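Report on one structure; see the data block that follows.
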Amino acid sequence: MTDGSDRRFDQTGRNSPAESGEPPTTRLILWRWLVIVLWSAAVAASLVWNIHLHDKARIDQAYSQAVAVLEKDMGARALVARLGGVYARTDRGAIPNPYLAHVPDRDIASDRGVALTLINSSYFMRLLHDTEVQEGGDGTVSHVTSLRPLRVQNAPDSWEQSALLRFQNGTAEVAEVVVTASGQQHYRVMRPRFVEESCLACHKDQGFQPGEVLGGVSVSVPLVEPDAEWLTGRVTALTFGHTFLWLLGIAGLVAGFSLLERRERELRQSAYYDPLTALPNRALLRDRLHQALVTAERHSHRGAVLYIDLDRFKTINDSLGHAVGDRLLQAVADCLRKAVRATDTVARLGGDEFVVVLAELKGDAERAAVVAQAVAEKLLVAVARPFQIGNHELHTGPSIGIALFPMDGAHADEVLKQADTAMYQAKGAGGGTFHFYLPGMQLAAQHRLEIENDLHNALDRQELELYFQPQVAVASGAIVGAEALVRWNHPRRGLVSPGDFIPIAEETGIILAVGDWVLREACRSIRLWIEQGVVGEDFRLAVNVSPKQFRQWNFVERVAAIVAETGIDARHLELEVTEGMFVDDVQDAAYKMACLIELGIRFAIDDFGTGYSSLMYLKRLPLEVLKIDRSFVDGVLDDANDAAIVETILAMAQRFGYHVIAEGVERQAQLEFLRERGCDAYQGYHFSKPVSAADFVALAQKR
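Okay, structure coming up:
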């Protein structure tokens, strides 16, 4: 045992770190994927940008080529204009410029008599390029143009016209990629020409003034597509390079995040798990117990906390040393882990104290107590066995305190304290045992568990017996049938009430075997009584069918097999069902009933009026008998509502042709009430309580 400080509980009510927010591991995973996505996006953007840079280089090269042509053209024009023009020999191809005809010295002769003509800048460039539109060997084209050209050859195309208009608004240069009608890409650059004094020699009649935009010079450079093989190789090289870079980054990121995750796991392990046994520690236990409490309240489940303290551990630890003690604790932890479900929580609080949380126990509190007791007994046996630690065979045992929730406490700390208190009660009783927090609950759980254990053997030991309550015709007083009721003759407890063992049989599934036994014994009784003449040919014996029986997929086959085995006429058999059996699947219920009706079996609806009482069931199901519940019959003389309900059931049954049996008739006045309203038959203590087979035979023979 540990000292008192080990069992102090945090009363602040604050949640443990595991209870609040999203698990850090999940956040780390999200961050990892976010960084990977960002890295992938960055590498992809780099690849796209590098491919774009290659395309941009083509544009830059074309622009440089176009600007070189422009500057050469504009420089030559400026030089000739600054010189005032140059004279060229007409006998060498220089044609006098008609636009300079008004210039007095346009045509002169040299000292040797050679004819010369004046050439201005435009004419000079025309001669230089041979034509106004000169195409070089590389496809580059330059063109002089104006919105008011002197010659038709200088008329602008649509792109040049747009550029000239922009020049008038102050634009200094226009450069764009243009696609021709043939689909060829050209990079076009155009700069403006301004009116100078020398220009007026040709253009003065057009109304130009110095400084105005005279026109412009455009250059068109074809954008030659790169060689496909070269381009593919370039893109492939870029792609491979970036892929390698991406993989290198991913490897680094994965390695880095793996290191972070491992470190985080180590931190979480140390924060929420016991380092010696790797079991959840107190913080994680409180978190899981809190969640179990929330789930139990939300879904109406039960749960239990088993607080375990090892007996004689302190002696072992002090005498053999902490190393042996630690190994014993590890062995006990492993033993506890194997003894419970994977969904249950086994935690170590420190020292030699462990806690087991049993969550989501179905059934009522009594049933949850039975399960908790069964687990406690299993743990007592498991931990009491000797543990071989090195050369030592060690014997210890647990003292176990049990607290149920949510009934024993609303908070995790409260439930733990209750289980701790119960554990001290178990240790005070000598150890090696368990104790419930509520003594009354322990006694009830013990009783229920004993009933369940004994019930498993009741059939084999032939402890079950059928009793029969006669069903009597209201009009004649004759016995027309009986209801078979199972009783349990317990060797120690005597006659056990059906209310004590039938619900347990339902929960554990034993009811299937019990139901088959009841049906088989009832059929044997019918056959015997018919053969002995105890009852007439119109006699029917009613047998109750449990919901688990009726919902079996082979229910029809099982009933038919028992009828065939016992050799009875099936028309002497009546099966009583309840309204709750039909809620899940009316169609399946109707099918099963129809199959058995073909054999001659009749169906009665038991406790009519206490369940769903839907007229749809009466319409869709092949029922023949309605049994009025005893709770209504009991009040027909004193309660107007009960009387009205019984009258309504009888009137409806008569209208639709149902046979009606009233249950729980105990007084003559009740019988008279039923007789006056046309009830067919009744059963109850007014005629006879349920009796044994021998007593029933004697009673039937008297009638």
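Residue numbers (my numbering): 1354 to 2056. Every residue, glycine too, gets a C-beta built ideally from N, C-alpha and C. These figures come from a predicted structure and were not determined experimentally.
**Asked** Any idea if Gly-1523 is buried or exposed, counting beta-carbon neighbours within 10 angstroms, 16 or more meaning buried?
**Response** exposed
**Asked** Does any CB atom of chain B fall closer than 7 Å to the CB of Thr-1749?
**Response** As a matter of chain content, chain B is missing from the structure shown, which is built from one protein chain.
**Closest by C-alpha distance to Gly-1847, when choosing among Glu-1818, Pro-1856 and Ala-1831** = Glu-1818
**Item:** Segment contact flag, the stretch 1738-1750 with the stretch 1610-1628, C-beta cutoff 8 Å, min 3 pairs
**Value:** no
**Member of Leu-1714, Val-1494, Val-1505 and Pro-1449 whose CA lies at the smallest distance from the CA of Thr-1540** = The question names Thr, but residue 1540 in the sequence shown is Tyr. Among Leu-1714, Val-1494, Val-1505 and Pro-1449, the Cα nearest to that of Tyr-1540 is on Val-1494.
**Message:** Can you confirm whether the stretch 2032-2042 touches the stretch 2007-2020 when touching is taken to mean that 3 or more C-beta pairs between the two stretches lie within less than 8 Å?
**Reply:** yes
**Prompt:** Comparing alpha-carbon positions, which option in Gln-1538, Pro-1856 and Arg-1873 lies nearest Ile-1309?
**Reply:** With the chain running from 1354 to 2056 in the structure shown, residue 1309 is simply not present.
**Prompt:** Can you tell me the Cα-Cα spacing of Gly-1594 and Leu-1606, whole angstroms?
**Reply:** 18 Å
**Asked** Measuring CA to CA, which of Val-1724, Ser-1672, Gly-1678 and Arg-1720 is closest to Arg-1694?
**Response** Val-1724
**Prompt:** DSSP beta-bridge partners for Trp-1841?
**Reply:** Leu-1817 and Val-1849
**Message:** Tell me the rounded alpha-carbon separation between Leu-1894 and Ala-1826.
**Reply:** 14 Å
**Request:** My understanding is that Val-1699 touches Arg-1641, with C-beta atoms under 8 Å, so please give their C-beta distance in whole angstroms.
**Result:** Val-1699 to Arg-1641, Cβ: 10 Å. No contact.
**Spatial neighbours of Arg-2056 in its chain, beta-carbon cut-off 8 Å, leaving aside the 5 residues before and after** = Gly-1830, Ala-1831 and Ile-1832
**Prompt:** Going along the chain, which unbroken runs of the alpha helix (DSSP H) with 4 or more residues stay wholly within the stretch 1996-2052?
**Reply:** 2021-2029
**Three-state secondary structure assigned by DSSP to Asn-1897** = strand
**Message:** One question on the structure: do Ala-1756 and Ala-1772 come within less than 7 Å of each other, judged by their Cβ atoms?
**Reply:** yes
**Message:** Any contact between the stretch 1896-1903 and the stretch 1924-1932? By contact I mean 3 or more CB pairs, one from each, below 8 Å.
**Reply:** yes
**Prompt:** DSSP state of Ala-1957, grouped into three classes?
**Reply:** strand
**Prompt:** Between which two residues does the alpha helix (DSSP H) containing His-2063 stretch?
**Reply:** Only positions 1354 to 2056 of the chain appear in the structure, and residue 2063 is not among them; the question remains open.
**Item:** Whole-angstrom distance between Val-1708 and Glu-1746, CA atom to CA atom
**Value:** 25 Å
**Message:** Measuring straight from C-alpha to C-alpha, what distance separates Arg-1546 and Arg-1519?
**Reply:** 13 Å
**Asked** In or out: Tyr-1790 buried (at least 16 other Cβ within 10 Å) or exposed?
**Response** buried
**Item:** Nearest-angstrom Cα separation, counted from Ser-1393 out to Ala-1608
**Value:** 16 Å
**Asked** Is DSSP giving Arg-2056 helix, strand or coil here?
**Response** coil
**Request:** Measure from the alpha carbon of Lys-1731 to the alpha carbon of each residue in Lys-1715, Glu-1713 and Ser-1752, then state which is nearest.
**Result:** Ser-1752
**Message:** What would DSSP say about Glu-1927, mapped onto helix, strand or coil?
**Reply:** strand
**Message:** Is it buried or exposed, Ile-1981, if we count other Cβ atoms within 10 angstroms and call 16 or more buried?
**Reply:** buried
**Asked** Going by alpha carbons, who is nearest to Ala-1828 out of Phe-2026, Ala-1447 and Pro-1575?
**Response** Phe-2026
**Request:** Mind reading off the beta-carbon distance from Pro-1975 to Ala-1947? Whole number of angstroms is fine, and I expect it under 8 Å.
**Result:** 6 Å
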